[in-house]
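A.B. asks: Have a look at the structure that comes next, please.
Chains as they are written, first to last, in the numbering used here: chain H, 1353 to 1966; chain Z, 18 to 92.
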């Protein structure tokens, strides 16, 4: 099969919220720019908001909050590990983001976002600060509107064609290799600028119900963004800051606290007691949940039965009509009703990596530039912590414009790559006569991630995780057999998950403290350590050895001195071998055996050693 | 999808009276789960990739396809 070649100015990897906004802004900045959008699915429905979204979780609406208030909130929930300038931009441009969405969807003011009596947007309280930064949204159909605009502007959209490799030459971006999961077409797209908007690592830990696609995050988000950036030489940060969300148990969708809490709902334990001080998804809240279970007060619930009937009906309309609409069916099948206090059981489900909800991502500056020239990143794969959907739009827009500017002054370099070999290598799992089913390899790595990495993090368990990463790369990855193109992309996805597992483990072992509540609660270092204040753990691929290298780096100097912590304490834990146990070499004089045999008056038998085979 | 003459367990329900085999559900499924069978009706060819997101129901103008249940492991 021939390799299809496309020459472009800007390639966007991932047509989700950030990617579609990037494409729109790139084309609007310069209509002659050749923009290619790649996505695993059709851009009308793919990504986190394919079925709609009910809020922009962080905005600074004039009259209610300022961009500085957003910086204050994010400084607090990230415990000071952030680039405040990015947080400021997030707040500053959030209003424009809302106006852009109204224009793209053709919705009138007051229709997409609620207004107050003065005609201003009306946000609600959610964050653990004194400002309302949460904006409800009636956004059932915004993804279709974004996709329509992307196509209308003349972007070349390759649906069901995910990127499998970012090509670089002399340290700069040169293009992308991509593959169509239906036709099997293999693409070389040369371009000087690439925007990574490939989402988070949602398929990371394994949901406890055992369903592979039953993840909180969109299951097409398999950490490819992180892995593609890593292999292209970019730096990543906060890979140790896990997302440990409190979800609607088994359904694994949002519970949805952010809809319920601003309307008066709250979390209770099995005794019916309110157990959290705020409902914002920061590590202290997850730590509070974890303690309830550890101390025997699980399960926990999201309580709504005390709310007026009108509010409950309103909640049902939102929760069953937007984002994860099957919630209604899920409750119906369990005979659950929001009018009962224990109708929404919650649980800390699979761990994942996501900057939007937590912190993990590709290191970017306020212009969305990564540390690789020509490579930009935005959305859940770019490390702007707690940016949520607002950040995907704000930084997606910036990435689109900055990439166009970059492409104007930089020509695409010709990559030195043996394309035929790259293609042959990619198609190997299809041509192999027999091998491992890809879904089993996925189950294996994801169950290991859940078993060995779920916080609280244990050093010996994390060391074992590295053993599994190495073993699966050596024994399993090159032994996967698939039967069609649809499943072939899963081989790339499994490799991405394994790469993410290694990054997450090594970064967790590198940060010798606990921080962000449960997100990085490390048993060997169960307290915050001031020496890690304002420091990132940076993960990077050594260009020479190919090994993963880690370092600590100061975040950019604070412009505002806001509090850098939340009010919580780690529990007292008694750790004897938390830092790891070095077993003495195995020999016939194991001290335990020696002591036992002496005590029992026996002679120590010589160890039986089988004769070596010739 | 059939095996040993038996249809696989799946959780979409297709109203054959309403379905016109237009393939919109197949084209817009974000996880590429669906295909049309030899009679032109959608089935879950890649069932375990389904995120039970409901896009198939939402995109079908004739309301011919719906989720009968959430996946068994979640239910």
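From the three backbone atoms N, C-alpha and C, an ideal C-beta is built for every residue, glycine too. Here the structure is a predicted model, which means the values were calculated and not measured.
Nearest by alpha-carbon distance to residue 1765(H): which of 1518(H), 1441(H), 1366(H), 1369(H) is it?
C.D. replies: 1518(H)
A.B. asks: Going by DSSP, what residues sit across from residue 1888(H) in a beta bridge?
C.D. replies: 1905(H)
A.B. asks: Between the alpha carbons of residue 1464(H) and residue 1493(H), how many angstroms are there, rounded?
C.D. replies: 10 angstroms
A.B. asks: Who are the neighbours of residue 44(Z) on chain A, taking C-beta pairs under 8 angstroms?
C.D. replies: Among the protein chains of the structure shown, namely H and Z, there is no chain A.
A.B. asks: Looking at the secondary structure, which residues open and close the beta strand (DSSP E) in which residue 1429(H) lies?
C.D. replies: Note, residue 1429(H): premise wrong, no beta strand (DSSP E); alpha helix (DSSP H) at 1419–1429.
A.B. asks: Hey, would you say residue 1900(H) sits closer than 7 angstroms to residue 1860(H), going by beta carbons?
C.D. replies: no
A.B. asks: Which residues in chain Z have a C-beta closer than 8 angstroms to the C-beta of residue 1533(H)? List them in chain order.
C.D. replies: Neighbours of residue 1533(H) on chain Z, chain order: 49.
A.B. asks: First and last residue of the alpha helix (DSSP H) that includes residue 1850(H)?
C.D. replies: 1837–1862
A.B. asks: Would you report the Cα separation of residue 1451(H) and residue 1418(H), rounded to the nearest angstrom?
C.D. replies: The alpha-carbon separation between residue 1451(H) and residue 1418(H) amounts to approximately 17 angstroms.
A.B. asks: Whole angstroms is fine: what's the gap from residue 1849(H)'s alpha carbon to residue 1567(H)'s?
C.D. replies: 14 angstroms
A.B. asks: Please go through the segment 1660–1696 of chain H and give each complete alpha helix (DSSP H) segment of 4 or more residues, from N-terminal end onward.
C.D. replies: 1661–1673, 1679–1685
A.B. asks: If you draw a straight line from the C-alpha of residue 1398(H) to the C-alpha of residue 1389(H), how long is it?
C.D. replies: Cα to Cα, residue 1398(H) sits roughly 13 angstroms from residue 1389(H).
A.B. asks: Report yes if the C-beta distance between residue 1714(H) and residue 1720(H) is below 7 angstroms; otherwise report no.
C.D. replies: No.
A.B. asks: Quick one: measure Cβ to Cβ for residue 1402(H) and residue 1460(H), integer angstroms, because I've assumed they're closer than 8 angstroms.
C.D. replies: Taking 8 angstroms as the upper bound for CB-CB distance, residue 1402(H) and residue 1460(H) are not in contact here, some 24 angstroms apart.
A.B. asks: Specify the secondary structure class of residue 1489(H) as computed by DSSP and reduced to three states.
C.D. replies: strand
A.B. asks: In three-state terms, what does DSSP make of residue 1464(H)?
C.D. replies: Taken through DSSP and simplified to helix, strand or coil, residue 1464(H) comes out as coil.
A.B. asks: Could you tell me which whole alpha helix (DSSP H) segments of length 4 or greater appear in the segment 1547–1626 of chain H?
C.D. replies: 1576–1583, 1609–1612
A.B. asks: To the nearest angstrom, how far is it from the Cα of residue 1817(H) to the Cα of residue 1595(H)?
C.D. replies: 18 angstroms
A.B. asks: Looking at C-beta atoms only, is the number of pairs between the segment 1882–1894 of chain H and the segment 1854–1869 of chain H that lie closer than 8 angstroms three or more?
C.D. replies: As far as the Cβ criterion goes, the segment 1882–1894 of chain H touches the segment 1854–1869 of chain H, which means the pair count is three or higher.
A.B. asks: According to DSSP, residue 1867(H) sits in a beta bridge with which residue or residues?
C.D. replies: 1872(H)
A.B. asks: Give the interface partners of residue 1572(H) over in chain Z, defined as CB-CB distance under 7 angstroms, in chain order.
C.D. replies: The contacting residues are 47, 48.
A.B. asks: Any idea what DSSP makes of residue 1432(H), helix, strand or coil?
C.D. replies: Coil, per DSSP.
A.B. asks: Would you say residue 1374(H) and residue 1624(H) are within 7 angstroms of each other, going by their C-beta atoms?
C.D. replies: No, these two residues do not count as a Cβ contact at 7 angstroms.
A.B. asks: Note down, in chain order, each residue of its chain lying with its Cβ closer than 6 angstroms to the Cβ of residue 1739(H), except the 5 sequence neighbours on either side.
C.D. replies: 1442, 1708
A.B. asks: Inspect the CB distances between the segment 1362–1369 of chain H and the segment 1473–1483 of chain H and report whether three or more fall short of 8 angstroms.
C.D. replies: no
A.B. asks: Name, please, each residue of chain Z whose Cβ falls closer than 7 angstroms to the Cβ of residue 1602(H).
C.D. replies: 91
A.B. asks: In chain order, what residues of the same chain lie with their CB nearer than 6 angstroms to the CB of residue 1387(H), ignoring the 5 residues before and after it?
C.D. replies: 1362, 1375, 1378, 1379, 1507
A.B. asks: By the three-class DSSP mapping on this structure, what secondary structure does residue 1476(H) have?
C.D. replies: strand
A.B. asks: Using the Cα positions of residue 1758(H) and residue 1725(H), report the straight-line distance between them to the nearest angstrom.
C.D. replies: Each residue's alpha carbon lies about 9 angstroms from the other.
A.B. asks: So with Cβ pairs under 7 angstroms, would you call residue 1549(H) a contact of chain Z?
C.D. replies: No, residue 1549(H) does not count as interfacial toward chain Z.
A.B. asks: Based on Cα-Cα distance, which residue from 1755(H), 1543(H), 1716(H), 1760(H) lies nearest to residue 1743(H)?
C.D. replies: 1716(H)
A.B. asks: Tell me which residues share the same chain as residue 1843(H) and place their Cβ nearer than 7 angstroms to its Cβ, disregarding the 5 neighbours each side in the sequence.
C.D. replies: The beta carbon of residue 1843(H) lies closer than 7 angstroms to those of 1781, 1790, 1832, 1834 in the same chain, with the five residues before and after it left out.
A.B. asks: Looking at C-alpha atoms only, which residue of 1542(H), 1664(H), 1431(H), 1798(H) is the closest neighbour of residue 1771(H)?
C.D. replies: 1542(H)
A.B. asks: Using the rule of at least 16 other Cβ atoms within 10 Å of the residue's Cβ for burial, across every protein chain shown, is residue 1658(H) buried or exposed?
C.D. replies: exposed
A.B. asks: Residue range of the alpha helix (DSSP H) that residue 1744(H) falls in?
C.D. replies: Taken as a continuous stretch (DSSP letters only), the alpha helix (DSSP H) holding residue 1744(H) covers 1740–1761.
A.B. asks: Give every residue of the same chain whose Cβ lies closer than 6 angstroms to the Cβ of residue 1730(H), excluding the five residues on either side of it in the sequence, and list them in chain order.
C.D. replies: 1370, 1549, 1720, 1747, 1748, 1751
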